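Participant:
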Amino acid sequence: MPVAKEHGSETIQQIFEWFLQIGGVSDAEDYRKGIKERTAMTREWSLFLEKYPLILSPYLMQPVGAWDSDKKKC
47 MPVAKEHGSE TIQQIFEWFL QIGGVSDAED YRKGIKERTA MTREWSLFLE KYPLILSPYL
107 MQPVGAWDSD KKKC
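Everything in the sequence shown is counted per the working numbering, starting at 47 for the first residue and increasing by one.
#1: Excluding five sequence neighbours on each side, which residues of the same chain lie with their C-beta closer than 7 angstroms to the C-beta of Thr-57?
#2: Where Gly-70 and Leu-100 are concerned, what is the direct C-alpha to C-alpha distance, given to the nearest angstrom?
#3: How big is the Cα-Cα spacing for Met-87 and Arg-78?
#4: In this structure, does DSSP put Ile-81 in helix, strand or coil?
#5: Just to confirm, is the Cβ distance from Phe-60 to Ala-50 under 7 angstroms?
#6: Where Ala-74 and Arg-84 are concerned, what is the direct C-alpha to C-alpha distance, given to the nearest angstrom?
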């Protein structure tokens with residue numbers, strides 16, 4: 047995140063700091079495993095949609111956050 051620290055606003059620097067606290071930085075193997083899991087989930091979802099082509103559900107189960115909620119600490 048050196049570019050964000052050097053050129054980013056205080057807000058974007060704080061957001062990157064929170065991201066790092068949540069999950070840290072992944073290496074190539076973690077990335078490969080993540081892509082594998084995502085592909086498997088996408089396949090399962092595609093098979094589900096072949097069987098049930100229309101899904102009716104609420105979009106969100108809670109009110110939408112404020113426009114700048116991503117820069118506020120939870």
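Just so you know, even glycine gets a beta-carbon here, dropped at the ideal spot from N, CA and C.
Here the structure is a predicted model, which means the values were calculated and not measured.
Facilitator: Taking the definition as stated:
#1: The answer, listed in chain order, is Lys-117.
#2: Put simply, the backbone Cα of Gly-70 is about 37 angstroms away from that of Leu-100.
#3: In this structure, the alpha-carbon of Met-87 lies about 14 angstroms from that of Arg-78.
#4: Per DSSP, reduced to three states, the secondary structure at Ile-81 is helical.
#5: This sequence places Gln at residue 60; Phe is not what is there. By the CB criterion at 7 angstroms, Gln-60 and Ala-50 fall outside the cutoff.
#6: C-alpha separation (whole angstroms): 15 angstroms.
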